[in-house]
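Chains as they are written, first to last, in the working numbering: chain Y, 7 to 507; chain F, 457 to 580; chain W, 4 to 165; chain Z, -3 to 117; chain R, 11 to 99; chain U, 283 to 1213. Notes for the one structure printed next.
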Ligand code: NA
Ligand code: NA
């Protein structure tokens, strides 16, 4: 009996729980150690799972109940990859927090672990209601993390973030009601096989459910016009939290992919790809809004927050193109963008600390204590995120551009992606020159960044050159993953079939 | 079940339901808050009591073994109802609810609100 | 013994309630009931103010029966008053001087009053000397007070021996 | 009965959404609570309505669909957790921002947050 | 026979509930509404018990029990709120 | 294989200066030069092979799926440019050694420079278009670093940003163009692409490709209208300018056009665009150059103009023109590099570049002056110098072309005019700087620079002369192979002689010379004429326009994301409404065929209660307490509905959650305003009512349509297996703790997290404490009414007993850990209300955080336990035991799991409520102390 698939959920849950109990609860030091240990364990298990998934999709029947009756975890290439990605990102964030952010309020490490549990669960589960549960886990954890460190902005941003998401959760349940009420099952694989056989009336109800799910996932993915919560929330969150949040929009996009291109994919008869026509324009608009936001950003954090919007738009484009090349590009881009934006949030924090009153706003300030080091890191991050060679950004971008097939697709996709890149280039060159070179006075006050913080940022940024140097294997894996993901859970189908008398 | 028992149940039910309704009527009908306070606290207790006893009898007869759990509910209600009334009366006096004009000894509200002896405030 | 059963009456009540709720007196249930009857009082012991204990259980039982009767009667009365013309009702406040001074008896008295003929206890004076009551239909103030005192207060006094 | 049930669900939804669109935290919380009632009833009814069919084996002739009931139970608990959080956040927001507007700023021309009730008696 | 009686009783209680609702809406004061709510708790206990009788199933007893317990708590809480504002102090 | 080293060596070279900087400037310079020099040697070693027309290519796989492979080659064109890039690069390194001051970090400068060199080299030797684009963008990035090297001054920063933006735009266009080509050709391999010229030219996307590629080329090589960034790039240190303007950067654009010449040229479109752009640029550059008082400014615009000339040549479409273009590329690189270095020396020695102050430097630095004058002469196209030859060829070509059809005659004329101006500004460069009277208060008194600083110029000027005199001998083969690569076929036979006899081109040269001389002599008039026009500072304009864009983006964002939650929620709901509503239009019959439940009076009154109280909640939502009461009625009815529709567990749960919620809201309400002000405009209220009503209607419709249709669900399984598989008769509970125990685990986790989060919220929270109630009355003194506390302590044990009862029966009958937990918590809360925080503090010593922790731990470990028996997480186990007296009873792992649930619920609820209560109490206590 192999338990690898459930470990990415259990390890954080257990460590988070243990950190609430003596003896670990007593000192922050013990919690830090626990946190690091569990991260190491998770990295290990995530790697094993990743390796196993390349051989065969790992299925895990919780409670030993036959699907579709029990909850099933499905660790195929994509989910394994995303779990690994999440863990790496979390490692960076937590490492950074060790410099002191984790001590700005209570329960940081526990909450971080709970957040991890939620995200991993959402990536791994093959059951739509269980997906809801894990959404809620990661949401409530994010609510709690968002106010970590305190301050008016955080409170304010949190109010908007929570209320919108509460409405979203309500919609989620409505949608689940519609889907269960018509399909009579919660197992996504089985749902996908039942859709085509629905009676006309029922299939309309199922369609309504599916489209309502798009709203829910779109909200998580910050798809325009559901993105409003994001900029403030991400810009005001404390650095490690914001870095961790870089993965959250991806959960929404992943769900859109699973539900709207696989479950309601080509096998879905009349309901095949119903959501795609809606996502098309919104994906592009998201890109545009992100670009505009990037140009409008008055501070580095806001800028990076809007970069998240751009990445969301780009990934949505990857979803709607509906071809393997697009998925390959999407997966590659997802890994790249998650890690680099995470790093940039951390970096923005260091920059803000060393610029005194000016913090991370694009105004003249005293020079930074460690301008050369931070400058180098910022330069790498900027080049990566702007999609400039030789760092990872350009590969994903080029893959996506290649994925556009018809002339219309090219027209829309290329113009929006390339123009948004231009906006990013302009904004970042401006940001960089303003932050690092538009200075007056002399370096005073702040002490150097703690080595652990630099290590954390470097860890995340290293992904960028790695992704380019090993671009060949990386894209080949992405291809395998894409092909596997586009199929309709074959292994699960067989497992279900075995269960039927 | 025997006719007698059935009639017993029926009577108890009608009785209980009736008293419950009376309680609600009182709540709706009586002129001021203090008088309204009487209706539920009493009428209800008996009404509920009767209904519960009816159900207790019914289930004791119709299912193996006796059913007396209903008594627990009755117990709860008899313990709590007066306290509820007390709390509401307290609140009412605190809010200086105007009692019905023809209410006697209205001057007692003042000391009662401040939990003082009646002498504390002179008669009007 | 005192250490296992700090409040024997409470334990008895709990056991009784347990058996009532489960509708059974099987050995297993009795055992479980006993366990809870012991554990819960122990667990909540710290949260109990010391109250006077029953001195006269039999009187208590009699008192309860009497109360039941009064409740039934009072319900009928109230029902008539409610369904009848409201104009006839002449409500009023009364202040009942108290002889009993301990919390539990006073509470029981107030409860009895609230449950019985057209009376609701509203408030107890801070010095535990006066009980303020609202009467639904106050005809004779002195009578009412006297009746309450002898019908409810004195037996309670007896029961708790105070 | 189904029609009445559906009507109630719709009404609850409408009331809930209207309140969630208000400008102050408390009404929004109330609205979300109403909305969650609607959601729970809706999800519950996705197993269809049945009378006297409690899913206690051996206690009824025919059984309701137990799965949605379990789902709603989970939903209720989660809803409770969320409500609790947002309620406390509302308090926190008022103490941090000085008012209880969802945007943290009193709109121009807004009445005092605590203007007194005219109590009828 | 019994069924009809139960239905009749239910109707009585139903009327009672509607009367409570009327008081709840009319007020005039908050306290009247609290009182109305409290009475509603009582009536719904009865309703649940009657339901149990109607279905001849004891599964609903705990519902009644809970209302009896919790109804008290919430009414007490409301009153405490009215007189002290802060429930827990 | 060695080909890769041509790129690898300089790439490695970027780190060398950073390492050797501390060993002194000379060491640093020479060590830096070493690797590029080696690369140059490698290039030269390939020369014979290239001349013999062998395909000199090396490839290695990189990202196959992208069509990107490491692929380096050397053909004529690549060879030529590689030599220019490396050769001139080396001279620049030497020059910079003396140019840079001690303040400048030499290591960093060289590192940037070599990085840039590598990028440029990468462009020219790439055999894969994507790879070429990669290097193309790298030149933009590295040039950004070079231009902004003196980042303390604003012009450097702005100039760098402008260059970055313009070339960045071009780069993106180029990427699109390249991918388009790749899509059509099916490969990014250069050979493949160069062999599919016809395919491309005939393809529908050809115009798009041409425009995209040319956009890339023009932005890079500063062609009109993108010429404005180049002059401001001279904010860079002069060595950089010398490099950028001669062999690299701007030449990259030219290179691109030359590279694609065989496949993209040869069409009307190409000729018109390219030639006209070139011509315009040529004229504008030449004209503007004359009026620049800044030495480098003059040179910068002259670069613009000469690039225009080359572009024009590439646009003429005759093979000969291509040859001329390549020839001029070489010549321009040589003289422009030397001129910039000379200008740098002058700047370095005099401390200014303003020609109005620079006069008569001849007597201070005759040697440098001579060199500068020769180079300038070459720029002007004076015979015996290389510039002359290519210019003659250029004139010849302008005469036999027909790009503009009947208007083609204009080209030679305008070409002559342009050249005249270049003669004029060359003259100015010579006369105005080295003669023309005495210098005007120079910061320092100039003298000859250090010998080795001049060496690069010596070499280049020598080349000007030698190439000018023995062109064929020196660069014949190189030019031939390079041009061959551009033309992509056999070359026309042409002669590289100094003397072509008296012909029209010669006449044009003569005209240009005399015209130029005349223009320069009468420059005063021209200057006064020109001075009427305000000088447009492209830098400012560009900066303004970028600022304008940003400002408007900002205003848009402020308007769009105006921070109003009401708008956001509205949009969210509206969006959902649309997506839900549209499908329903196709729903013909709402009601399904499922038999429906008959309605009776009680149900009706229940529904009425629900509806009215729901509406009441809305109507009274401003009077918050009343709204709360209405809300609790709704909750009560909902739980009754659950009971009616066969869901006792739900009824119980709903009830207990209900009460806890009310208590919570009451706790909250005390610290919030009691009433909501009337502030929504009627329009907004109407809007919200409408959308809410419509949404509600849709949900209702869907719900009705749903529950009136038959359902075939998986639930039979649960009914069938609850007892046998889960060991319980309460199927819902078995689902919760067994079939879907994982959900429940997540659910209690949520509860736990919420409690932790709330703890964070409450910590250090200031409070608004109303001193009087809502009607202005002071609170009563009686904190803990006696009777309430007496009864409460009696109730506690009972409540605990009840919760134990509910807990234990849960698996088989309605109940379970969650409800039991809530009952317990409510009982404890009741104690808090009755006795107060202080009284309970030392009586009830429960650390709720630990309770939560242990609850979650128990639940999780119960699940993990099944591993021991080789089953997956959360696999349940149960068995029936029989003891004497006790009789048979069941033991199930589900109970342990449910215990976890119970503890978590108690812990969470108490952490939330009690903690808030305690906090507020202590807060108030402190506040009152302060008062
Ligand atoms: Na001069
Ligand atoms: Na308090």
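Positions of the beta carbon are idealized from the N, C-alpha and C atoms, including for glycine. Model, not experiment: these values are computed from the prediction.
For a cutoff of 7 Å on Cβ pairs, would you count residue i as touching chain U?
i, result
"residue 82(Z)", "no"
"residue 57(Z)", "no"
"residue 130(W)", "no"
"residue 166(Y)", "yes"
"residue 47(R)", "yes"
"residue 494(F)", "no"
"residue 481(F)", "no"
In the DSSP output, which residue or residues are listed as bridge partners for residue i?
i, result
"residue 1163(U)", "1171(U)"
"residue 683(U)", "Residue 683(U) is not bridged to any residue."
Measure the CB-CB distance between residue i and residue j and report whether it falls below 7 Å.
i, j, result
"residue 798(U)", "residue 651(U)", "no"
"residue 91(R)", "residue 1090(U)", "no"
"residue 121(Y)", "residue 147(Y)", "yes"
"residue 145(Y)", "residue 171(Y)", "yes"
"residue 1190(U)", "residue 1037(U)", "yes"
"residue 255(Y)", "residue 289(Y)", "no"
Is the shortest distance between the beta-carbon of residue i and the beta-carbons of chain R less than 7 Å?
i, result
"residue 1213(U)", "With a pLDDT of 48 at residue 1213(U), under the threshold of 50, the modelled position of this residue cannot be trusted; read the value that follows with caution. No, residue 1213(U) lies away from the interface with chain R (no Cβ there is under 7 Å from its Cβ)."
"residue 507(F)", "yes"
"residue 580(F)", "Its pLDDT being 42, under 50, residue 580(F) is placed unreliably by the model, and nothing is read from it."
Whole-angstrom Cβ separation of residue i and residue j, contact assumed at under 8 Å?
i, j, result
"residue 593(U)", "residue 632(U)", "Rounded, the Cβ-Cβ distance is 34 Å, inconsistent with contact."
"residue 244(Y)", "residue 346(Y)", "No, residue 244(Y) and residue 346(Y) are not in contact; Cβ-Cβ is about 19 Å, not under 8 Å."
"residue 859(U)", "residue 976(U)", "6 Å"
"residue 615(U)", "residue 744(U)", "Residue 615(U) to residue 744(U), Cβ: 14 Å. No contact."
"residue 156(Y)", "residue 225(Y)", "The Cβ separation is near 26 Å, so there is no contact."
Looking at chain W, is there any beta carbon in it that lies within less than 7 Å of the beta carbon of residue i?
i, result
"residue 1116(U)", "no"
Is there a C-beta anywhere in chain Z that falls below 7 Å from the one on residue i?
i, result
"residue 137(Y)", "no"
"residue 955(U)", "yes"
"residue 17(R)", "no"
Consider the Cβ of residue i: report whether some Cβ of chain F lies at a distance smaller than 7 Å.
i, result
"residue 87(R)", "no"
Next item on the list: Taking only runs that begin and end inside the segment 362 to 420 of chain Y, name each unbroken alpha helix (DSSP H) of 4 or more residues, in chain order.
Entry: 377 to 391, 399 to 409
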